[in-house]
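Worksheet: the structure to be examined is printed underneath.
Protein chains: 2
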Amino acid sequence: MGAVREVIEKALAEGRTALTAPEGRQICEEYGIATPGEGLATSADEAVSIAERIGLPVVLKIVSPDILHKTDAGGVLVGLKSAEEVRAGYDTILANARAHNADAAIDGVQVQQLVGGGHEVIVGAVTDPTFGKVIAFGLGGVLVEVLKDVTFRLAPVSGEDALGMLDDIRAAEVLRGARGAEPANREALAELIERVGRLVSDVPEIVEVDLNPVFADANGAVAADVRILIGDRPAEVARLPREEILRQMTRIFKPRSVAVIGASAETGKIGNSVMRNLINGGYQGQIFPINPKADEIMGLAAYKSISDVPGDVDVAVFAIPAKFVAPALEEAGRKGVAGAIMIPSGFAETGNVEGQKEIVEIARRHGVRMLGPNIYGYYYTPENLCATFCTPYDVKGSVALTSQSGGIGMAILGFSRTTKMGVSAIVGVGNKADVDEDDLLTFFEQDDNTKAVAMHLEDLKDGRGFVEAARRVVRQKPVIVLKAGRTAMGARAAGSHTGALAGDDKVYDDILRQAGVVRAPGLNDMLEYARALPILPAPQGENVVIITGAGGSGVLLSDAIVDAGLTLMDIPPDLDAAFRAYIPPFGAAGNPIDITGGEPPSTYENTVRLGLADERIHALVLGYWHTIVTPPMVFAELIARVVAEERAKGNVKPVVASLAGDTEVEEASEYLFEHGVVAYPYTTEKPVAVLGAKYRWARAAGLLR
Amino acid sequence: MGAVREVIEKALAEGRTALTAPEGRQICEEYGIATPGEGLATSADEAVSIAERIGLPVVLKIVSPDILHKTDAGGVLVGLKSAEEVRAGYDTILANARAHNADAAIDGVQVQQLVGGGHEVIVGAVTDPTFGKVIAFGLGGVLVEVLKDVTFRLAPVSGEDALGMLDDIRAAEVLRGARGAEPANREALAELIERVGRLVSDVPEIVEVDLNPVFADANGAVAADVRILIGDRPAEVARLPREEILRQMTRIFKPRSVAVIGASAETGKIGNSVMRNLINGGYQGQIFPINPKADEIMGLAAYKSISDVPGDVDVAVFAIPAKFVAPALEEAGRKGVAGAIMIPSGFAETGNVEGQKEIVEIARRHGVRMLGPNIYGYYYTPENLCATFCTPYDVKGSVALTSQSGGIGMAILGFSRTTKMGVSAIVGVGNKADVDEDDLLTFFEQDDNTKAVAMHLEDLKDGRGFVEAARRVVRQKPVIVLKAGRTAMGARAAGSHTGALAGDDKVYDDILRQAGVVRAPGLNDMLEYARALPILPAPQGENVVIITGAGGSGVLLSDAIVDAGLTLMDIPPDLDAAFRAYIPPFGAAGNPIDITGGEPPSTYENTVRLGLADERIHALVLGYWHTIVTPPMVFAELIARVVAEERAKGNVKPVVASLAGDTEVEEASEYLFEHGVVAYPYTTEKPVAVLGAKYRWARAAGLLR
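Each protein sequence line maps, in turn, to chains A and B.
Note that UniProt numbering numbers the first sequence so that position 28 is 28, with each residue one more than the last.
Note that UniProt numbering numbers the second sequence so that position 135 is 135, with each residue one more than the last.
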């Protein structure tokens, strides 16, 4: 480490942004990253001993300040395979050099290991604006440069993570020896990746590393070319201790009292909507309207200033124009509020960056956590708390949703209401001047009212903080993320291959996955996952079985299973026979199990019960076909009953359903949803996508090992 | 051609399934497909002249029945670059051979062109069970074999199609010279592909062709290895003339009279449901109930047999058990019906293949076109015709939907009803024993009541027939296809690389795209495309502009634009300035145009009107954010009005909208849909996906050139 630091500091002192090749090699050596061995020989004997030390074959090159074009001078010999060849080669080179220029001063002959066998891979590191040091790995050449087949992880990476990276590229098979190639030494390659991760984590001044190519064969991995860019040490991200976050967040979500700064009796004013929602929402704590011109608002005593309120105030909701915020926040801070819910817009989002800085500074000085500015407010249903200017929402449930955009927040509200989705919280984070997703995750992690978290986000202030929080939460509850701006590739000024590859979204995608987050591809998916995931029990294994009345749905459901990364169970003969006993002779067992269309309720009942009871099956996907023999509501009630009965016996498995039929299937789907079966009409994709999301979480939480 | 036929017939006569390498080369030569040049020299002079003819560098190889291991005998020289080297090489080889075995009989020295530069690609052909001869192209090595980066087309391919194939692989950039490589000669490579397509089309006995590798460089393309598999000439697919199809299909969809075989007065019977639906649906033609035991059914005179019906019968709907079908069909055939709507199940789908063959044979003998068996029937709303046992459907409109599965048919019906989708036809094709998608496309093509066609299918009886029909239809109307069984890779017995690559779905996907079909990824997508595409006007160019009240929606809509293969217009300065004049200073012009959240209806109106009026803009994507200032229905009515006004001025452009807000946005979306704006609540993906589908069709129809 001392040597590394010395190299870096010298280079920085010289105003350089890149290390020289020898400096790069030296740093690699310090970190046990193999580079082609080399040495300077001043005799044939020495050349042989260097060659034997670094390994044959080798390249010999004349070293002379007087010989510029080594090759023209006959000063380069490539691929010498034995001690004899090296010895003879040394002499040949010296003779050639003297013949070329008899007066040349000759320092000696450089003996360099010849590399280039095995697989050409690229290992690199970049400094990501969101996540800090990030490690990249890919296969060299066309695969990385044209197909962008590359994978990223937060640095440092564990050995296990590094091995995972080898499998996380599309061409992973190649390293395992596809097409008759020699497999790479996976452990050696993973170790090299791990060492690069350690290097950039130890030395923050290293901005980018590019080992390209690295040659990986059965014996090991050697970095043939090393490029290291350096720069200023990045600023440390300040983080509050978890206990401190939790203390204030708990006061914010479970306040004993709420003050409304700018409360109003006048309909149409935000301060009136907030008052109305707090009161009508059924909040049981104290509500203090603050308005310098009123004595009483909506039947509650009003105060000129928050300072006048008797006793403690946990939360202050701001419903005043931006220009009045700073002094009011100062007063709220002095009063000791835990949370400032900063509804007003007119800060950074309209270019008023200074105004936002000012209020952040005020809040920080007083230890006040500020939500927003530029938000609709927040809901926390367990406390009947509706501190927003939108309409109240009161369907209690177990998913907490957050959004960075007000529009998306409104979509969450509308979707929740129309689907009767049970929520614990809906929170707008807006400009995220202070409270961000990490803080909310820290609260929801330990909140027993919340069983799943769904977050819409456009950026992360502190990517590492988010990953750390998400990893903790994911062990217990799914975290669903809709990351907007997927396709807006960062206009990154790339100083290296790795830098050029680190487009924003690929980095986000890999790292969110590494954090165990379930990423939703779109808004509607996020909403559906949020609605369905808390309802579905966690699967205990990968065996998914389709039971369908419509053969056509069975085929589409199978397609969806593959798309969702799920596994259609290979049904063993005894189980196949057991299913066959219930279905017509021309039905198809196997998987999908096609019970055929004209069957009575008993056939659905028998097969679904068997699917729930047999412990080798871990999840069921049902395909219903509307018939006169088994009408939609008969199917729905039957499935709800069978699932409940089997759950009571301990057979707890996720069950999803696709209902094909006339409009009665809509009511049937709703009934099933209410009874713990995730069901949709007119789609085979959605129920399976939701099951796939549940599985992604279950795998990340380690439930399927 | 004569020579080719001779080679093939000789090989087939010898019972072979593969050609030898020289036979393969000979066939390539006949078709102008370059293989490495070669010749046998019996003197040094001849070796030089052959080398100069085929091009340097060359490989020399001793040809002697007595020298088995040529290399050991010093009988191979690689990479001879000049006439002198060839001349000397000839002598060296002969000398070496004599030194090795003085008694060896020497036929001469083979002079072979040395190939291997440039890009390694694979060109092949397979005989697909659905599509017949299909051409494949990909980049050699890892790209094809590990990443399956390969593209397919129906053979023969035009030169333009062949050029298109070069761009249709993920690594297309490589051939254009990515990473500093020499670009391939695209015309030469396309020509080689074209020639392979002609070869397999000319010679049906060629089952598979594998040119692997082909070396393509700036000069041309040479097939270094040729493998050709042969087999029996595939059976010709019988096709009816278009006029014949149309004549019968028109009688089926616009019948003057319908007989119901098995009509019944008893509720719950299929023959009763069909009667009820025909009558209640409002069908104005004659209805003839056929039932040996009744004189009158539902107020209509019943007949013992269809033979007893006075006058002509266009359509016979069968509502009797499978075992009674054959004789009744025979009678219907004698009566001269155009169509037999074969509702009964119990044929091939239950293993009764013979029974199905029998009725197909009867229908064919009488020139009767049979729909089914094993179907729900069909609807054709312009005639108020509801010949099904399901409930009637009467929302007239312009999309025709077909389904191979009854369950999916029911989902179509339910979805149509709940969304009030206007349809012209819903048709079940079931077992497709006779009438298939080609026949239906042939009718819908010229049916003025149908503006778009959506088809669910699991397989195609005649892939080429489908492609031909689809290509014709697509010129005028979108054809949407949901191909189920995407992920069930055919268990193809592969005799070649190309064969192994031709997994069913990739072949389907490429060829459906080639046919101009809009493929829907899932059931719900097919239904949404069917509902929306006829409503949206066709775009006239690629410039899409987003106008949004919610910045958050704007970001998600941009993501969706990229996912849907659409292009966010690069807004020129004058247009940018024009938009900026309407939006607050802190709003963002550019694209998305973010008008910000708190704006009144006039801001939406001004910006949307500008977007519709400026002729450089071709499509609008709107993001609405529910606010008190501009409530959902105000937005909806305003947009509907502006769109209608601009259309009246000739500014006809597709407009789609994503509505974020509380539940009122649902009504607003419906209102917009009814007024020609495709709008959805709680999703940013769906409206853009639908617009993307419309664009895919418009491009295929040649409207955007």
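Virtual Cβ for every residue (Gly too), placed ideally from N, Cα, C.
For the pair B/F347 and B/G355, the CB atoms are nearer than the 7 Å cut-off. For B/G397, not one C-beta of chain A is nearer than 7 Å to its own C-beta. CA-to-CA, the gap between B/I106 and A/R179 works out to about 38 Å. Out of A/G164, A/L622, A/V518, A/A235, the CA that lies nearest to the CA of A/A700 is found in A/V518.
Judged by DSSP secondary structure, A/G407 falls within the alpha helix (DSSP H) whose first and last residues are 406-419. Beta-bridge pairing by DSSP links B/N543 to B/T567. Here DSSP, grouped into helix, strand and coil, assigns A/I230 to strand. Close partners of B/K686 in chain A (Cβ separation under 8 Å): N524. Only residues of its own chain outside the window of five on either side were considered, and among them I287, P289 have a CB closer than 7 Å to the CB of A/L300, listed in chain order.
Out of B/L192, B/V309, B/N277, the CA that lies nearest to the CA of B/A155 is found in B/L192. Cβ proximity to chain A below 9 Å picks out S403, Q404, S405, G406, G407, I408, G409, M410, A411, I412, L413, G414, F415, R417, T418 from the segment 394-418 of chain B.
Along the segment 568-589 of chain A, the positions whose C-beta sits under 7 Å from a C-beta of chain B are F586, read in chain order. Residues of chain B whose Cβ lies closer than 7 Å to the Cβ of A/W697 do not exist, since the nearest Cβ in that chain is about 22 Å away.
Between B/R609 and A/S553, the alpha-carbon positions lie close to 44 Å from each other. Beta-bridge annotation (DSSP): A/T402 is paired with A/V427, A/M455. The secondary-structure analysis by DSSP pairs B/V222 across a beta bridge with B/F215. When DSSP states are grouped into helix, strand and coil, B/F444 belongs to the helix group. Per DSSP, the continuous beta strand (DSSP E) segment holding B/F152 begins and ends at 150-154. When 9 Å is used as the limit between beta carbons, A/G485 is near these residues of chain B: V555, L556, S558, D559, in chain order. By the rule that beta-carbons nearer than 7 Å mark a contact, A/L147 touches chain B. When C-beta atoms of the segment 227-234 of chain B are compared with those of the segment 203-210 of chain B, three or more pairs fall below 8 Å, so the two segments count as touching. Rounded to whole angstroms, the separation of the alpha carbons of A/A125 and A/R195 is 11 Å. Using beta-carbon distances, B/Y682 counts as an interface residue toward chain A, with a partner under 7 Å. Among the residues facing chain A, B/D438 is not included, as its CB has no counterpart in that chain under 7 Å away.
Taking a 10 Å sphere around the C-beta of B/A648, we find fewer than 16 other C-beta atoms and assign the residue as exposed. Contact annotation: B/Q110 and B/I54 have beta-carbon atoms that are not nearer than 7 Å. Counting only runs of at least 4 residues, the segment 120-166 of chain A fully encloses the following alpha helix (DSSP H) elements, listed from N- to C-terminal order: 142-145. Not flagged as an interface residue toward chain A: B/H119, since no C-beta distance is shorter than 7 Å. Residue environment for B/D510: buried (at least 16 other C-beta atoms within 10 angstroms of its C-beta).
Close partners of B/D662 in chain A (Cβ separation under 8 Å): C390, T391, M410, L413, G414, R417. Excluding the 5 residues flanking it on each side, A/E664 has same chain C-beta neighbours closer than 6 Å at P632, in chain order. Close CB contacts of A/K451 within its chain, under the 6 Å cut and outside five residues either way in sequence, are with S398, K477, P534 (chain order).
Secondary-structure assignment with DSSP links B/L60 through a beta bridge to B/L77, B/V111. When the alpha-carbon of A/H675 is set against those of A/R417, A/V656, A/L166, the nearest one is in A/V656. Taking the C-beta atoms as reference points, A/D210 is found no nearer than 7 Å to A/R198. Nearest CB-CB separation between A/V690 and chain B: not below the 7 Å threshold.
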